[in-house]
Structure formats: C-alpha cells, structure tokens
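Structure, as structure tokens:
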Amino acid sequence: MAQNPNEMELKDRVELIENMLAAGRRKTEKWGWTFVLWGVAYYVAIAWSAYGNPGVAWPVTMISAGILTGLVASRIKRHEAQTTISRAISSIWIPMGISLFLLMVPLSLTHRLDAHSSVAIVSAIIGTANATSGLILKWKMQIACAVVWWAASVAGCFGTESQTSIVFLVAIFFCQIVFGIYAMVCESQHRQRGAVHA
Amino acid sequence: MPELPELNPVVHGKLRLALLSLLAGVENADFSWLRDKTGSTDGNLGAQLLKLEEAGYVAVEKKFVQRKPQSIYRMTEPGRVALFEYVQALKQLLGDAI
Numbered sequence: 001m002a003q004n005p006n007e008m009e010l011k012d013r014v015e016l017i018e019n020m021l022a023a024g025r026r027k028t029e030k031w032g033w034t035f036v037l038w039g040v041a042y043y044v045a046i047a048w049s050a051y052g053n054p055g056v057a058w059p060v061t062m063i064s065a066g067i068l069t070g071l072v073a074s075r076i077k078r079h080e081a082q083t084t085i086s087r088a089i090s091s092i093w094i095p096m097g098i099s100l101f102l103l104m105v106p107l108s109l110t111h112r113l114d115a116h117s118s119v120a121i122v123s124a125i126i127g128t129a130n131a132t133s134g135l136i137l138k139w140k141m142q143i144a145c146a147v148v149w150w151a152a153s154v155a156g157c158f159g160t161e162s163q164t165s166i167v168f169l170v171a172i173f174f175c176q177i178v179f180g181i182y183a184m185v186c187e188s189q190h191r192q193r194g195a196v197h198a
Numbered sequence: 199m200p201e202l203p204e205l206n207p208v209v210h211g212k213l214r215l216a217l218l219s220l221l222a223g224v225e226n227a228d229f230s231w232l233r234d235k236t237g238s239t240d241g242n243l244g245a246q247l248l249k250l251e252e253a254g255y256v257a258v259e260k261k262f263v264q265r266k267p268q269s270i271y272r273m274t275e276p277g278r279v280a281l282f283e284y285v286q287a288l289k290q291l292l293g294d295a296i
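Quick look at the structure:
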C-alpha cells in the first residue's frame with residue numbers, strides 16, 4: 001500500500017471523483033435529429049400518398065427512414081457511453097416503431113384503415129412514447145409534445161377527413177420538426193458545457 | 199488513536215481514479231469516449247486501462263463495428279468495491295475537511 005498523501009492532494013482526488021461522476025452522467029446523446037428525420041418522413045409519406053400510391057408510400061418511406069435511422073445511430077453511438085437511461089429510452093422507441101409498422105401496414109393493405117382511425121392510432125401511440133420518454137428524462141417539453149399528440153388523437157376522431165389531416169400535419173410540425181430542432185440545440189449546449197479534463 | 203486507512207495505489211492514480219469514476223456512472227463506455235472525457239493521450243489511457251484490467255477493476259470487450267476495431271470498457275464488481283473503499287478511506291482521512 002502507498003504512503004498516504006497530503007490533504008491538498010486528497011481534496012484534489014475528491015474533486016476529481018465528483019467531476020468525473022458528473023461527466024459520466026451528463027447527457028451526451030444526440031437524438032434530436034431523429035425527430036426531424038421522422039417528421040420529414042411523415043410529410044414525404046403523406047405527400048406521396050396524396051399524389052401517388054398510398055399502399056406503397058407509407059411502407060417504403062417508413063422502412064427507408066428506419067434504415068437511415070439505424071445507420072446514422074450506429075455511427076453516432078460508436079463513440080458514446082451507454083447508460084441505463086439511454087437503454088431505457090431506446091427500449092421505448094424501437095418497440096413503438098415496430099408496433100406501429102406491424103399494425104399500420106396490414107391494416108392499410110387490407111383497406112381497413114381510414115384517415116380518422118389512422119391519425120387517432122398513430123397519434124396515440126407516438127403520444128405514449130413521448131410521455132414515457134419525457135417522464136424518464138423529466139423533460140417537460142417532451143411531455144408537452146405527448147399532450148399535443150394525444151389531443152391530435154382525440155381530434156382525429158372528429159371533423160372531416162381534411163380537418164383530421166390538418167391536425168396531423170400540425171402535430172408533426174410542432175412535435176417532430178420544432179421539437180427535434182429544439183432538442184438538437186439543447187444537446188449542442190450540453191456538449192459545449194461538458195468538457196472536463198482529468 | 200484510531201489507525202488511519204491506507205489508500206489503494208491502483209485506484210489512487212489520477213487518471214485511473216478518473217476512469218473508475220467515469221465508468222461508475224455508466225453501463226459501459228467506448229475507448230474514444232473515455233479519452234474525450236479525460237483529455238488523455240491514447241498511449242497513457244491504454245496503459246492505465248490495462249493496469250485497471252490487470253487489477254480486475256475493469257473488463258474490456260473488443261469487437262469490430264463497421265470493420266473498425268472498438269474497445270468497450272465496463273466497471274467490474276471488484277472495481278466498484280475498490281472505488282467505494284477508496285472513497286470511504288478518503289472520507290476518513292479528510293474528516294471534517296470535506
């Protein structure tokens with residue numbers, strides 16, 4: 001065993017432990033871009049459905065967005081640390097995506113889906129994922145997005161088909177595009193504050 | 199007078215202590231992430247991680263991701279115990295000073 005050092009050195013070690021524990025827990029994930037990407041993907045699928053083949057538009061766009069997300073995420077995550085929270089968040093969004101895909105594609109292919117029910121189902125499921133994620137991260141802005149999605153889900157059950165579509169487009173704009181950009185700005189600020197050296 | 203505790207020299211090294219403290223807060227971490235957080239050089243970081251690995255305080259998993267080598271480090275249970283005992287010894291040595 002080493003001879004015990006002086007008090008200054010010991011205090012330096014205490015400070016080092018505190019700094020490193022904080023640095024390890026500091027949020028460094030970069031997920032804001034996924035909200036923007038999926039928001040754009042929804043818009044592409046909606047536009048393609050309106051002016052082309054709805055049966056092909058959604059599955060192709062969603063599969064493409066899923067592959068793109070997986071590719072970019074695997075590149076980003078190569079140089080990251082995994083925390084229990086980051087694993088919990090991934091465990092919400094990946095099964096949600098799979099559930100939506102498995103539910104919506106067969107319903108669409110069998111023509112058992114109209115504009116009202118599709119907006120109501122998709123909005124409710126995305127709202128649930130946002131709420132769970134927001135509660136884990138204690139992130140009020142994401143919980144607010146969940147409330148908007150749930151409101152869109154309820155609104156989707158009423159009004160005309162075009163009104164339902166407008167509700168969905170507005171929810172996508174605020175909860176995917178605007179929220180995604182906001183998350184990216186927050187993540188960038190976190191990273192700038194996060195430089196700690198031992 | 200009670201005997202003062204001795205500090206574990208493997209844990210006491212500044213960079214090794216930083217690495218153990220970082221790994222205590224995460225499930226696992228990549229070599230590059232540890233280098234960025236500590237501001238250390240590749241050589242020094244590799245040497246200190248090897249010492250921690252030899253002491254049984256960290257475990258490493260080497261794999262290839264997109265054809266590039268990647269080393270993933272995680273803290274072992276003996277490492278967690280060693281850091282806990284080190285912190286307890288620090289508290290005892292510093293007493294009212296912290």
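Sequence order for the protein chains is A and B.
Using the working numbering, read the first sequence as starting at 1 and increasing by one per residue.
Using the working numbering, read the second sequence as starting at 199 and increasing by one per residue.
Glycine included, each C-beta is placed from N, C-alpha and C at the ideal position.
Please read all numbers here as calculations on a predicted model, not as lab measurements.
At a cut-off of 8 Å between beta-carbon atoms, T69(A) makes no contact with chain B. Collapsing the DSSP output to three states places Q264(B) in coil. Our two residues, D12(A) and Q286(B), have alpha carbons roughly 15 Å apart in a direct line. With respect to L217(B), L205(B) sits apart: the two C-beta atoms are not nearer than 8 Å.
DSSP lists D228(B) and E259(B) as the bridge partner or partners of I270(B). Counting along the chain, the unbroken alpha helix (DSSP H) around L215(B) starts and ends at K212 to A222. Selection L288(B), P203(B) and L220(B) evaluated against G277(B) yields L220(B) as nearest (Cα-Cα).
Only M20, L21, A23, G24 and R25 from the region 19-44 of chain A bring a Cβ to less than 7 Å from some Cβ of chain B. As the crow flies, the alpha-carbon of K260(B) is around 33 Å from that of S99(A). Distance from the Cα of G254(B) is smallest, within the candidate group D228(B), R214(B) and D234(B), for R214(B).
Considering only I136(A), V147(A), G180(A) and L103(A), the residue with the shortest C-alpha distance to A88(A) is I136(A). Along the region 81-106 of chain A, going in chain order, the ones with a CB nearer than 8 Å to a CB of chain B are A81, Q82, T83, T84 and R87. The region 157-174 of chain A and the region 37-56 of chain A touch, with three or more beta-carbon pairs separated by less than 8 Å.
A Cβ-Cβ distance of about 27 Å is found for the pair T69(A) and T110(A), leaving them out of contact under the 8 Å criterion.
In the structure shown, A155(A) adopts helical secondary structure according to DSSP, grouped into three states.
Counting along the chain, W139(A) sits inside no alpha helix (DSSP H), nor does DSSP assign it H or E at all. Boundaries cannot be given for G237(B), as no alpha helix (DSSP H) includes it and DSSP labels it neither H nor E. Against S269(B), chain A offers no close residue; the least beta-carbon distance is about 11 Å (beta-carbon pairs closer than 8 Å). Counted as a single uninterrupted DSSP element, the alpha helix (DSSP H) harbouring K289(B) occupies residues E275 to L292. Inter-segment contact for the region 159-168 of chain A and the region 131-146 of chain A is absent: fewer than three beta-carbon pairs are separated by less than 8 Å. In the three-state reduction of the DSSP assignment, A253(B) falls in the coil class. Between Y182(A) and the set A152(A), G32(A) and A151(A), the nearest pair of CA atoms involves G32(A). One Cα belongs to V72(A), the other to A65(A), and the distance between them is close to 11 Å. Rounded to the nearest whole angstrom, the C-alpha separation of G52(A) and I125(A) is 26 Å. With respect to chain B, the C-beta atom of V72(A) has no partner C-beta closer than 8 Å. For the region 226-237 of chain B, residues whose beta-carbon sits nearer than 7 Å to a beta-carbon of chain A comprise N226, A227, D228, S230, W231, K235, T236 and G237. The Cβ of L291(B) sits closer than 8 Å to at least one Cβ of chain A. L107(A) has its alpha-carbon roughly 36 Å from the corresponding atom of Q82(A). In this structure, the straight-line span from the alpha carbon of S49(A) to that of M104(A) is close to 14 Å. For a cut-off of 8 Å, the C-beta gap from A45(A) to M62(A) is around 7 Å, short enough to register as a contact.
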